[in-house]
Amino acid sequence: MDNEEILRQLEFIHSRKKASLPDRLRPFYGKVSLKNRGVLVFGARGVGKTTFLLSAFDEKNVLYLSADNPLIALKGLWEIGNTAFLAGYEGVIIDEVHYAKDWSIALKSLYDAFPDKRVYASDSSSLILRSGIADLSRRFSSVQIPLLSFREYLFLKKGIDLPLFDPFQSNLATVREITNTVNVLALFREYIKGGFRPSYLEWDYCEQVMNILEKTLHFDIPFFVTQISDIHFRLMNSIVGFLATSTVPTINVERFCRDWGVGKRKLYELLSVMSSTGLIRIVLKKGDYKTFSKGEKILFADPSFYSVFGENIGTVREAYVVQAFEEAKKPCFCCEDERKGDFYVEGKRIEIGGKNKKAKDSDFVIRDDTEFPVSNVIPLWMLGFMY
């Protein structure tokens, strides 16, 4: 098959992809600038990276390429991109770019050889920025697509565009506007159980979670681990199972190393890559700058994962609080003294719990099953309106 025939096949794929774009798009997309002609887009599986890029260039003459397509593996990313540009395309969108052989060299070469063309690539891990050739970051800007916020979930599900606000500085009139518009507590419970990715609205949620776990563990992570074997896959599965069922959101490093016959350095490497690929979130104490650390808490990056395996509501709440603040670019740390609060965000100590939770010595208490803010009490659902 010659390059022109391959290009025609890829054009059919592009047309099918464009035809399947949803009617409602994430509000987050409208906040992202794509002025650079070279951009790397990353985010966990199912957050809408492909939809974002296809919708951003819906009216432009760009070609969608999936790097795991056997036709691209046959010819190579450089050759297909070169053929597309010579055929008149203004740009290429390369999905799951790390699947392509020598992908970072191909990206740099396409960018340099065609100074009037656009090169956009996506991947499920921010590790692509570190694993590529050294000077790639000087040419390509990066965009991270976060998990779906509660505000975005309401827009995709109900078509209601509600305002952004800071939960620490919320306006009661804005809160009333939201609670008068939707049954906020009922919809928030739906969201927590399965609303953090746009794809969850399309087909069976539990099946998707298992699919994401399998693809991330077995197809994504191996690209970013120096040496990996079957024992390491089983170890990571065990970590997922332990975190899903444990009432204490952390692991005993010594025990896991002993039970699975791996060294600490390898276990820390696996945890780090599981974090970078969006499976888990390692929450540190402020000032913990160790290269390898299990942190104070290890939580699923997507809080809805817990509902598939049998949830511990306390852990789900903590996972959501960390997810909401971190995705809103507000770093979240564990408090050094748990008697004074659970987490530390923007200089504020916060405590998390149900509707009767007391503040202890914290600055704010974040309560579940609560509709309105009072004094230093913030309803849990309000954290979903930061982006």
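Under the working numbering, residues 30 to 416 are what the sequence shown spells out, in order. We treat Cβ as the ideally placed atom computed from N, Cα and C, and that holds for glycine.
Original post:
Exposed or buried, what is Leu-103 when buried is set at 16 or more other beta-carbons lying within 10 Å of its beta-carbon?
Top reply: Taking the sequence shown and counting its residues from 1, the one referred to as residue 103 is at position 74. So Leu-103 counts as exposed.
Original post:
With 16 other CB atoms within 10 Å as the buried threshold, where does Ser-357 fall?
Top reply: Position 328 of the sequence shown, counting from 1, holds the residue named residue 357. The amino acid at residue 357 is misidentified as Ser; the sequence shows Ala. Answer is buried; the Cβ neighbour count reaches 16.
**OP:** Check each candidate in Ser-178, Asp-190 and Lys-244 and name the one with the smallest Cα separation from Thr-226.
**Re:** For the purposes of this step, residue 226 is identified with residue 197 of the sequence shown, where counting begins at 1. It is worth fixing the name first, because residue 226 is Arg in this sequence and not Thr. For Arg-226, the nearest C-alpha among the options comes from Ser-178.
Original post:
Can we say the segment 210–228 touches the segment 330–339, given the rule of at least three CB pairs closer than 8 Å?
Top reply: yes
Original post:
Could you check where the beta strand (DSSP E) with Lys-326 kicks off and where it finishes?
Top reply: Locating residue 326 in the sequence shown gives position 297, counting from the first residue. Residues 326–329.
**OP:** Check each candidate in Ile-109, Ser-84 and Ser-44 and name the one with the smallest Cα separation from Asp-31.
**Re:** Walking along the sequence shown from the start, residue 31 turns up at place 2. Asp-31 has its Cα closest to that of Ile-109, out of Ile-109, Ser-84 and Ser-44.
Original post:
Would DSSP call Cys-364 helix, strand or coil?
Top reply: As a first step, residue 364 is located in the sequence shown; it is residue number 335 there, counting from the start. Three-state DSSP puts Cys-364 in coil, outside helix and strand.
Original post:
In whole angstroms, what separates the C-alpha of Asp-152 from that of Ala-129?
Top reply: Indexing the sequence shown from 1 puts residue 152 at position 123. Indexing the sequence shown from 1 puts residue 129 at position 100. In a straight line, the C-alpha of Asp-152 is about 11 Å away from that of Ala-129.
Original post:
Opposite Gly-120 in the DSSP bridges: which residues?
Top reply: As a first step, residue 120 is located in the sequence shown; it is residue number 91 there, counting from the start. Per DSSP, Val-91 and Arg-147.
Original post:
Among all the DSSP beta bridges, which residues are the ones paired with Leu-69?
Top reply: Along the sequence shown, read from residue 1 onward, the residue named residue 69 stands at position 40. Looking at the DSSP assignment, Leu-69 forms a beta bridge with Ala-150 and Ser-171.
Original post:
Does the beta-carbon of Val-126 have 16 or more other beta-carbons within 10 angstroms, so that it is buried, or is it exposed?
Top reply: Locating residue 126 in the sequence shown gives position 97, where the first residue counts as 1. Per the 10 Å Cβ criterion, buried.
Original post:
Based on the DSSP secondary-structure assignment, which residues constitute the bridge partners of Gly-382?
Top reply: Here residue 382 refers to the residue found at position 353 of the sequence shown. Arg-396.
Original post:
Going straight from the alpha carbon of Ile-260 to that of His-247, what length do you get?
Top reply: The count along the sequence shown starts at 1 and reaches residue 260 at position 231. The count along the sequence shown starts at 1 and reaches residue 247 at position 218. Taking the straight line from one Cα to the other gives about 12 Å.
**OP:** Kindly indicate which residue of Val-204, Asn-209 and Asn-111 has the alpha-carbon position closest to the one of Leu-409.
**Re:** Taking the first residue of the sequence shown as 1, we reach residue 409 at position 380. Looking at the Cα atoms, Val-204 is the closest of the given residues.
Subject >> Enclosing beta strand (DSSP E) for Phe-372 [first to last residue] >> reply: Along the sequence shown, read from residue 1 onward, the residue named residue 372 stands at position 343. 372–374 is the span of the beta strand (DSSP E), which, as asked, contains Phe-372.
**OP:** Apply the 10 Å Cβ neighbour rule to Asp-318 and answer buried if 16 or more other Cβ atoms are within range, or exposed otherwise.
**Re:** Start at 1 with the first residue of the sequence shown, and residue 318 comes out as number 289. In the sequence as presented, Asp is not what sits at residue 318; that position holds Tyr. With fewer than 16 other Cβ atoms within 10 Å, it is exposed.
**OP:** Report the residue from Leu-296, Val-350 and Lys-89 whose alpha carbon sits nearest the alpha carbon of Ile-395.
**Re:** As a first step, residue 395 must be located in the sequence shown, where it is residue number 366. The shortest Cα separation from Ile-395 among Leu-296, Val-350 and Lys-89 belongs to Val-350.
Original post:
Beta carbon of Asp-390, beta carbon of Gly-376: below 8 Å?
Top reply: Within the sequence shown, the letter at position 361 stands for residue 390. Within the sequence shown, the letter at position 347 stands for residue 376. No, Cβ-Cβ distance for Asp-390 and Gly-376 is not below 8 Å.
**OP:** Please state whether DSSP places Ile-309 in a helix, a strand or coil.
**Re:** On the sequence shown, residue 309 is found 280 positions in, with the first residue counted as 1. Three-state DSSP puts Ile-309 in a strand.
**OP:** Check the DSSP bridge columns for Pro-251 and list the partner residues they point to.
**Re:** The count along the sequence shown starts at 1 and reaches residue 251 at position 222. According to DSSP, Pro-251 bridges with nothing at all.
Subject >> Sequence-distant residues of the same chain with beta carbon closer than 6 Å to Leu-412, five excluded per side >> reply: Sequence index remark: in the sequence shown, residue 412 carries index 383 (1-based). Counting only Cβ-Cβ distances below 6 Å, and skipping sequence neighbours, we find Pro-196 and Ala-353.
Original post:
Which partner residues does Ile-407 have in the DSSP bridge list?
Top reply: Reading the sequence shown from its first residue, position 378 is the one you call residue 407. BP columns for Ile-407 point to Ile-395.
Subject >> Neighbourhood of Arg-2 by C-beta, 7 Å cutoff - its chain only, sequence neighbours within 5 removed >> reply: Residue 2 lies beyond the range of the chain shown here (30 to 416); nothing can be said about it.
Original post:
What are the boundary residues of the alpha helix (DSSP H) that includes Glu-206?
Top reply: The count along the sequence shown starts at 1 and reaches residue 206 at position 177. Element bounds for Glu-206: 201–210.
Original post:
Taking just the CA atoms, how far does Tyr-373 sit from Glu-380?
Top reply: Locating residue 380 in the sequence shown gives position 351, where the first residue counts as 1. Locating residue 373 in the sequence shown gives position 344, where the first residue counts as 1. Straight-line Cα distance between these residues: approximately 9 Å.
**OP:** Determine the contact status of Leu-300 and Ile-311, defining contact as a CB-CB distance below 8 Å.
**Re:** In the sequence shown, residue 300 corresponds to position 271, counting from 1. In the sequence shown, residue 311 corresponds to position 282, counting from 1. Yes, they are a contact pair.
Original post:
Just the Cα atoms here: how many angstroms apart are Lys-387 and Cys-364?
Top reply: Counting from one through the sequence shown, the residue named residue 387 turns up at place 358. Counting from one through the sequence shown, the residue named residue 364 turns up at place 335. Taking the straight line from one Cα to the other gives about 16 Å.
Subject >> Through-space distance from Leu-230 to Ile-241, alpha-carbon basis >> reply: On the sequence shown, residue 241 is found 212 positions in, with the first residue counted as 1. On the sequence shown, residue 230 is found 201 positions in, with the first residue counted as 1. Going by the C-alpha atoms only, they are around 15 Å apart.
Subject >> When Asp-131, Arg-55 and Gly-59 are compared against Glu-181, the one with the closest alpha-carbon >> reply: Here residue 181 refers to the residue found at position 152 when the sequence shown is read from its first residue. Per the Cα distances, Arg-55.
**OP:** Can you have a look at Ile-157 and say buried or exposed, based on whether 16 or more other CB atoms are within 10 angstroms of its CB?
**Re:** In the sequence shown, the residue the question calls residue 157 occupies position 128. Per the 10 Å Cβ criterion, buried.
Original post:
At which residues does the alpha helix (DSSP H) containing Ser-133 begin and terminate?
Top reply: Your numbering for residue 133 matches position 104 in the sequence shown. Here the alpha helix (DSSP H) through Ser-133 covers 132–142.
Original post:
How big is the Cα-Cα spacing for Arg-368 and Gly-339?
Top reply: On the sequence shown, position 339 is the one that residue 368 refers to. On the sequence shown, position 310 is the one that residue 339 refers to. Answer to the nearest angstrom: the Cα atoms are 28 Å apart.
Subject >> Three-state secondary structure assigned by DSSP to Lys-377 >> reply: Mapped onto the sequence shown, residue 377 falls at position 348. Residue state, collapsed to three classes: strand.
Subject >> Thr-344 versus Leu-176, Ile-309, Asn-405 and Lys-314, residue with shortest Cα-Cα distance >> reply: Along the sequence shown, read from residue 1 onward, the residue named residue 344 stands at position 315. Answer by Cα proximity: Ile-309.
Original post:
How close, in whole Å, do the beta carbons of Ile-342 and Pro-278 come, if the pair is a contact with beta carbons under 8 Å?
Top reply: Taking the sequence shown and counting its residues from 1, the one referred to as residue 342 is at position 313. Taking the sequence shown and counting its residues from 1, the one referred to as residue 278 is at position 249. The Cβ separation is near 13 Å, so there is no contact.
Subject >> Cβ-based neighbour list, Ser-228, same chain, cut-off 7 Å, excluding 5 preceding and 5 following >> reply: Counting from 1 along the sequence shown, the entry for residue 228 is found at position 199. The residues are Gly-75 and Gln-237.
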